[in-house]
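In our numbering, the protein residues as written are 62 to 218.
First the structure, in the form of structure tokens, and then the observations on it.
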Amino acid sequence: MSNGVQARRLPAKRHVLERIALWQLGCVFAIVACIWFCEICDFQALFFGSEPSDINWQSAGMMSVMVLGFGLAAVAPVHIYHRRNFSKSVTICSYCRRVQVKPESWDQIEMFFANETHATYSHGVCPDCCDKVMSAYRSGRKDAGAREPLPTEVLVS
Numbered sequence: 062m063s064n065g066v067q068a069r070r071l072p073a074k075r076h077v078l079e080r081i082a083l084w085q086l087g088c089v090f091a092i093v094a095c096i097w098f099c100e101i102c103d104f105q106a107l108f109f110g111s112e113p114s115d116i117n118w119q120s121a122g123m124m125s126v127m128v129l130g131f132g133l134a135a136v137a138p139v140h141i142y143h144r145r146n147f148s149k150s151v152t153i154c155s156y157c158r159r160v161q162v163k164p165e166s167w168d169q170i171e172m173f174f175a176n177e178t179h180a181t182y183s184h185g186v187c188p189d190c191c192d193k194v195m196s197a198y199r200s201g202r203k204d205a206g207a208r209e210p211l212p213t214e215v216l217v218s
């Protein structure tokens, strides 16, 4: 049996993650540029009054490699984690609204958010549903606020 139609995720989240990663890598490269700029301009002699020294290419190169290594070690795991979590598709049952966690395992949506994401889950009522439920309640309907089944057109198309 098919799990249903898998919706495509909007690419907006991916672009946000790519921009964050680019900013982080840009900052790492800016630090490397500062290392080389300080080494070439000899800021220690200019600002702190120490003896002028020749450019130490090995020291600047070693510090650059270390900064790039630490920067990559800091940026990569976070970027990979967020990219994996934001790019995964979630199947939700059209009838009971449970979420497919594994091929044969379905959990309530509250449990899915608690176990699979770092997001908190809160129930709320949108203004349209609030108006509909309150008008039904005021008119004396006993089932005011009960969840209505999804329209057939939504399930078929």
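Every residue gets a Cβ at the ideal spot worked out from N, C-alpha and C, and that includes glycine.
- In the three-state DSSP reduction, S166 falls in the strand class (E or B).
- Under the three-state reduction of DSSP, I116 is assigned to coil, being neither helix nor strand.
- Of the residues H140, Q105, L133 and S125, the one whose Cα lies closest to the Cα of H76 is H140.
- In the structure shown, V160 falls within a strand segment according to DSSP collapsed to helix, strand and coil.
- Distance between Y156 and L83, taken at the CA atoms: about 41 Å.
- A check of alpha carbon separations from A121 across S150, E112 and V93 identifies V93 as the nearest.
- Counting C-beta pairs with one atom in each stretch, the segment 122–129 and the segment 93–102 have three or more that are closer than 8 Å, which means they touch.
- S111 places its beta carbon less than 7 Å from that of Q105.
- Taking each of E171, E177 and T152 in turn and checking the Cα distance to E165, the smallest one comes out for T152.
- For the options N117, A137 and C102, the alpha carbon positioned closest to that of L86 is the one of A137.
- If only uninterrupted alpha helix (DSSP H) runs of at least 4 residues are considered, those enclosed by the segment 79–125 are 104–109.
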